[in-house]
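Right, one structure below, let's go through it.
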Amino acid sequence: MSAGKPVISLTDITKSYQMGDVHFPVLHGITFTVDAGEFVSVLGPSGSGKSTLMNIIGCLDVADSGTYMLGRRTVKGLPERTMARIRNRDIGFVFQSFQLLPRISAIENVMLPLIYAKVPRAQRYARAMAELERVGLADKANNLPRQLSGGQQQRVAIARALVTRPRILLADEPTGALDRATGAQIMDIFQSLNKEGITVVMITHDHKVASFASRTVYILDGKLYSKEEYEALELGEEG
Amino acid sequence: MFFLSTIRMSFSNLRANAMRTFLTMLGVIIGITSILALLTIGQGVTDSVIDQLSGLGGNRATVTIHNTTVKPGFTDEELEHFARLEGVEGVAPQLSSYHILTLMPELTNSKYDGVYTISRRVMGVNDFYFSTYTKNAGMMYGRSISTDDVTYRTNVCVLGYDLWQRLYGNYSPVGEIIKINNTDCTIIGVMNELVGIDVTGNSSIIVPYTTAVQTFSMGLPDSFDVVISTSSDSDEVIARVENLCATLLNSAGDNGYSVVNQEEILDMVVTITDLVLGMLAGIAVIALMVGGIGIMNMMLVTVSERTAEIGLRKALGARPSVILLQFLIEAVIISLFGGIIGVLLGLGASYIASLLIGYTFSFNPMTVMLALLFSLVVGVIFGLLPARRAAKMNPIEALRSA
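Just so you know, the protein sequences line up as chains A and B, in that order. The first sequence runs 1113 to 1351 under the numbering used here. The second sequence runs 532 to 933 under the numbering used here.
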């Protein structure tokens, strides 16, 4: 995982959805690269295709055409179980709505990916506890999600995303359900994780949130733009 | 290890919807309870019927004349012929009809002060009847009918247990004289209570069958039992009995008599009970299938309710087979627990039935294993479709529904 080598490289990715007879093109030839150790944000309004892009990067979906290289592996035509393994080992997900299972405690939520990784129970507990300590929630390990604040829940979700020690942290509007101060705390965590060497890709519609990243790519109507082009287009839309 | 955490998760999911889980389980409980109760009760009753039939001593055959106008019944001499056949232990003719019994006021031990009359079944039997059929019960007071009573057509009688209680309460009637159709008969004994299938003797008054023929004009016996000694081949003995029937009843035509072997009756009983049980068990299996459909229904609801959870689990790296297993385990837990509860209830029901009907309670461990296996199979079969639906769910759409 030496810094500088590309971990995510997308070349001319297209994706469209079929809804009955209607064909919805979502991504029109996306090409970009994320190097190991980068903190990249993907900024775009809703409907821009950024969620679809995240799904493809996260191996939850596959592109219609183009090439997606995750590390040295080409993600194409892989069986579902291999995709599941990639999601388990190589990518950690953080969602806008936290997505914690409501009936199990914080630590059990964090242990979940380790169950799918077939880690023995004793190790699962120790590793999940270590991750909770890292996000400062060791004392809340046995709380149910509803006994935690939104910020705390998102920190549990981050601990869960990191517990299998993935190379990439993939976040979809991670501060969308949080107030500004709490959102800033989450961004602090992302920045310090990035300093530890984890590659972070964050999808957002919020300029301020995007600015926490070291680099921002702009997406609009399924295409990537430079900052200047994007701002011009955005202003044009608003005008 | 992995399996264990999946089972733990399934339990917690089922507990979260305890009411729904229980109601779904109820379908399986009812199905398994009825299957097990039916099979166990049926087996118990069949076993005890067979026990009682064969417990009557040796194998038996019943000889009956059909055409009574041509030949009204068997004479003593004819019965004697049957009794002397090789391999025949003895013959037991039986006559029975209702007659008026009268207790006179001078009877000291009877419960009644004045003249008391009652209509009761009078059975005419021989000494062999007592030595085989009521051997196990034995006599409560006095003696039973002897060979001499039969030979000399004595006016003696034996009271059945219920009749004795009705007439005498708890006092011995031996030596007292009772009128049957205005003929004085000396009571020589009381039988102990008969238990089992043929308990008509309990409410009857029993006299030598020769007395019944002569004194009470009950007609010649048109049927009697042949008891075959255990050391002989029953088929051969029955062939001899049939030969003798043919010789004796030649004038009555070819189909004037029938010889029914007890083994045939036993076979018939078993065939009929098996048939009835099979039909009932079939209905119970249908009930179980309905229970299975209940499981499928609940699991389909569960899967669609937990779409977001399934999406999340997939995003965290759960393979489709893992999701399949998780939902399948939930379905199997419902059906297997329903099965266990059903087995317990079914055994309880058959135990209560055994007390009410009066046979010895027993159960076949094989039946229990089979019932549990069956409920497991129901869980797998009806859980498979919802579990497959969950496993095939697209994680993006699943997550989007959150």
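We treat Cβ as the ideally placed atom computed from N, Cα and C, and that holds for glycine.
- No Cβ of chain B is located within less than 9 Å of the beta carbon of R1327/A.
- Those residues of the stretch 1159-1189 of chain A placed with their C-beta closer than 8 Å to a C-beta in chain B are N1167, G1170, L1172 and D1173, ordered along the chain.
- Within the stretch 1272-1291 of chain A, not one residue has a Cβ closer than 7 Å to any Cβ of chain B.
- Cβ proximity to chain A below 7 Å picks out S536, S543 and A547 from the stretch 534-552 of chain B.
- One thing to note: T1126/A has its Cβ no nearer than 9 Å to the Cβ of G1170/A.
- In this structure, DSSP gives S1209/A a state outside helix and strand, which the three-state scheme calls coil.
- A straight line joining the alpha-carbon of S1128/A with that of M1299/A spans about 32 Å.
- Chain B has no Cβ within less than 9 Å of the Cβ of P1118/A.
- Any Cβ of chain A closer than 9 Å to the Cβ of I865/B would place that residue at the interface, and such an atom is absent.
- Considering only L1256/A, N1221/A and K1188/A, the residue with the shortest C-alpha distance to R1239/A is N1221/A.
- About 19 Å separates the beta carbon of T606/B from that of T685/B, a gap too long to meet the 8 Å contact definition.
- Going by DSSP, G822/B is part of the alpha helix (DSSP H) stretching over Q793 to E836.
- Counting C-beta pairs closer than 8 Å gives fewer than three between the stretch 1277-1285 of chain A and the stretch 854-865 of chain B, which falls short of the contact rule.
- A direct Cα-to-Cα measurement between R771/B and R651/B gives close to 37 Å.
- Bridge pairing for V689/B: G720/B and I737/B [DSSP].
- DSSP places Y890/B in the coil class of the three-state scheme, outside both helix and strand.
- Secondary structure within the stretch 605-637 of chain B: the alpha helix (DSSP H) runs of 4 or more consecutive residues, fully enclosed, are 607-614 (chain order).
- One finds N1167, L1172 and D1173 in chain A with Cβ atoms closer than 7 Å to the Cβ of I927/B, taken in chain order.
- Just measuring C-alpha positions, the residue of T571/B, S762/B, L878/B and V619/B sitting nearest T804/B is T571/B.
- Within the same chain, V834, I841, I854 and F858 come within 6 Å of A921/B by CB-CB distance, once the 5 residues on both sides are set aside.
- Interface residue (Cβ-Cβ distance to chain A less than 9 Å): V832/B is not classified as such.
- The beta-bridge partner set that DSSP reports for A1344/A is empty.
- A918/B is outside the set of residues whose beta carbon lies under 9 Å from a beta carbon in chain A.
- In terms of Cα proximity to A1271/A, the closest of M1195/A, D1124/A, I1301/A and T1294/A is I1301/A.
- Interface flag for S852/B against chain A is set, since a Cβ pair is found closer than 9 Å.
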